[in-house]
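Asks: In the numbering used here, the protein residues as written are 9 to 273.
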Ligand code: 6GU
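1. What did DSSP end up calling residue 236 once you bin it into helix, strand or coil?
2. What are the start and end residues of each continuous beta strand (DSSP E) run of 3 or more residues lying completely inside the stretch 47-72, in chain order?
3. What span of residues does the alpha helix (DSSP H) with residue 30 cover, start to end?
4. Taking all protein chains shown into account, do 16 or more other C-beta atoms lie within 10 angstroms of the C-beta of residue 248, making it buried, or fewer, making it exposed?
5. Could I get the ranges of all uninterrupted alpha helix (DSSP H) runs contained in the stretch 82-163, with 4 residues as the minimum, in chain order?
6. Report all residues for which the CB-ligand distance to some heavy atom of the ligand 6GU is below 6 Å; order them along the chain.
7. Using C-beta distances below 7 Å, list every residue in its chain close to residue 56, excluding the 5 sequence neighbours before and after it, in chain order.
8. By the 10 Å Cβ neighbour count, where 16 or more other Cβ atoms means buried, how is residue 246 classified, buried or exposed?
9. With three or more beta-carbon pairs closer than 8 Å as the criterion, would you say the stretch 190-207 touches the stretch 140-160?
10. Using the Cα positions of residue 105 and residue 58, report the straight-line distance between them to the nearest angstrom.
11. Nearest by alpha-carbon distance to residue 121: which of 132, 173, 101 and 95 is it?
12. Pull up the distance between the alpha-carbon of residue 127 and that of residue 134, whole angstroms please.
13. Using a threshold of 7 Å, state whether the C-beta atoms of residue 99 and residue 143 are closer than that.
14. Near residue 215, which residues of its chain fall below 7 Å by C-beta distance, leaving aside the five closest residues on each side in sequence?
15. I need the boundaries of the beta strand (DSSP E) containing residue 194, first residue and last residue.
16. Mapping DSSP to helix, strand and coil, what is residue 40?
17. Check residue 166 in the structure and name its three-state DSSP category.
18. Enumerate in chain order the residues of its own chain whose CB-to-CB distance from residue 177 is below 8 Å, with the five nearest sequence positions on each side excluded.
19. Assign residue 188 to one of three DSSP states: helix, strand, or coil.
20. Taking the beta carbon of residue 228 as the centre, do at least 16 other beta carbons fall within 10 Å, making it buried, or is it exposed?
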């Protein structure tokens, strides 16, 4: 996969030299190129922004500079997918990461200030290009760089060969099961008086799987009730249904409903 990132702070992306993503770059699995937006300015001050039409606070990034930069890095590639990190985008999820990981070429346009002139996204969409405006959550950052780091790490680790053991991608939080991951433990078996649950030392694989599934259901019900409500009833066995009832969630004709006050939280 090729990823081009355009930013006024190229140094922000230096973290992508490290760890698994850094290795993927060195081995050639990921061709990641970081560009300075100011390389496409034409004035002496290398201006990338100006005041908003209609008034208001802050500065908006100029469409002409962005257009020149994006045309250059898209490099005539009709399949280049434009990703614009913005707090006004759809919320980026593991589903977006999975979809973006199948692409050949991503171009990530990191805005600063109050964002990029809206004509830029419209222009590339009207030209038939895929454009994804994505937020990493409901809070405000100073620019798209940190969000780009998040998205590139989430996408990059899904590329074949980047994560050594692909099994570790299977059972994780936000994976196919639609549940948060169960708690995990390692040596020593007793740390500061805290023991490991006996079942994990039993060697009884079916019991371990059930124990983990129950902990995943409990955690998800406590921390992410929205994910319980979104579960596919078809994926639940009778033990799941009983566990969910204990947690105050009731499965009736294809839907999962919280019964308020059914259990003490
Ligand atoms: Cl993608 N950009 C900015 N500036 N703030 C954010 C964000 C993105 N996602 C959440 N907050």
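Glycine included, every Cβ here is placed at the ideal spot set by N, Cα and C.
Replies: Working from what's here:
1. Locating residue 236 in the chain shown gives position 228, counting from the first residue. It is helical.
2. Complete beta strand (DSSP E) runs here, min 3: none at all.
3. Residue numbering aside, residue 30 sits at position 22 when the chain shown is read from its first letter. Residue 30 -> alpha helix (DSSP H) spans 27-34.
4. Sequence index remark: in the chain shown, residue 248 carries index 240 (1-based). So residue 248 ends up on the buried side.
5. Runs of the alpha helix (DSSP H) spanning 4 or more residues and lying entirely within the stretch 82-163 occur at 102-108 and 127-134, in chain order.
6. Selection around the ligand 6GU by beta-carbon proximity, strictly under 6 Å to any non-hydrogen atom, yields 93, 94, 95, 143, 144, 145, 147, 148, 149, 151, 152 and 155 in chain order.
7. As a first step, residue 56 is located in the chain shown; it is residue number 48 there, counting from the start. Only 16, 45, 46, 49, 69, 70 and 73 meet the Cβ criterion.
8. Taking the first residue of the chain shown as position 1, residue 246 is located at position 238. Exposed.
9. These segments do not touch.
10. Mapped onto the chain shown, residue 105 falls at position 97. Mapped onto the chain shown, residue 58 falls at position 50. Their Cα atoms are separated by approximately 33 Å.
11. Counted from its first residue, the chain shown places residue 121 at position 113. Closest option to residue 121, Cα to Cα, is 95.
12. The residue given as residue 127 occupies position 119 in the chain shown. The residue given as residue 134 occupies position 126 in the chain shown. Looking at the two C-alpha atoms, the distance is approximately 10 Å.
13. Position 91 of the chain shown, counted from the start, is the residue given in the question as residue 99. Position 135 of the chain shown, counted from the start, is the residue given in the question as residue 143. Residue 143 is positioned such that its CB atom lies closer than 7 Å to that of residue 99.
14. Translated into the one-based positions of the chain shown, residue 215 becomes position 207. 207.
15. Counting from 1 along the chain shown, the entry for residue 194 is found at position 186. No beta strand (DSSP E) contains residue 194, which DSSP labels as neither H nor E.
16. Along the chain shown, one-based indexing puts residue 40 at 32. Correct three-state label for residue 40: strand.
17. On the chain shown, position 158 is the one that residue 166 refers to. In the structure shown, residue 166 sits in coil (DSSP, three-state: anything other than H, G, I, E or B).
18. Stepping through the chain shown from its first residue, residue 177 is reached at position 169. Taken in chain order, the residues that qualify are 165, 166, 171 and 183.
19. Taking the first residue of the chain shown as 1, we reach residue 188 at position 180. Secondary structure at residue 188: coil, using DSSP grouped into helix, strand and coil.
20. Within the chain shown, the letter at position 220 stands for residue 228. Classification for residue 228: buried.
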